[in-house]
Amino acid sequence: MSHTKKVGSAGRFGARYGGLARRTVATIEKVQKSAHPCARCGAVSVFREQTAIWTCRKCGHSFAGGAYTPETGAGQGAQKALRGVQEKLLNPNAESAEAES
770 MSHTKKVGSA GRFGARYGGL ARRTVATIEK VQKSAHPCAR CGAVSVFREQ TAIWTCRKCG
830 HSFAGGAYTP ETGAGQGAQK ALRGVQEKLL NPNAESAEAE S
């Protein structure tokens, strides 16, 4: 029986591959296998089905995300940029009002 209290899921590697590599794998797998919040229903029940395929077990919403997390840093940056463009399109007068004051 293996003891994995300290190393978590990386205990299956034993003494092989070095401590840093095993710690990195354990951290990634801990995030990957945990439940994440659903963007549609808000429940914390999104799990990974396959590489980059995430599904909410409550509402059935399925979407593509990152390989290890439902949202990547690049995806969050893209959403932020899109929000800024959408605000400019919806409120074109807001910029001119700010410039005048």
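Numbering (our numbering), first residue to last: 770 to 870.
Where is the CB? At the ideal position from N, CA and C, for every residue including glycine.
Bear in mind the structure is a predicted one, so any value in this text is a computation, not a measurement.
Assigned with DSSP and collapsed to three states, THR838 falls in coil, not helix or strand.
About 5 Å separates the CB atoms of ALA779 and VAL794; that is less than 8 Å, so the two are in contact. Residue pairing of ARG817 in beta bridges, as defined by DSSP: TRP823. The distance from the Cβ of ALA836 to that of ALA847 is about 17 Å, inconsistent with a contact at the 8 Å cut-off. Of all C-beta pairs linking the stretch 853 to 864 to the stretch 814 to 828, fewer than three are shorter than 8 Å, placing the two stretches out of contact. Within the same chain, and ignoring the five residues on either side of CYS825 in sequence, the residues whose Cβ sits closer than 6 Å to its Cβ are CYS807, SER814 and VAL815.
With 16 or more neighbouring CB atoms inside 10 Å of its own CB, ARG791 falls in the buried class.
With a threshold of 16 other beta carbon atoms within 10 Å, PRO839 meets it and is buried. Secondary-structure assignment with DSSP links PHE832 through a beta bridge to TRP823.
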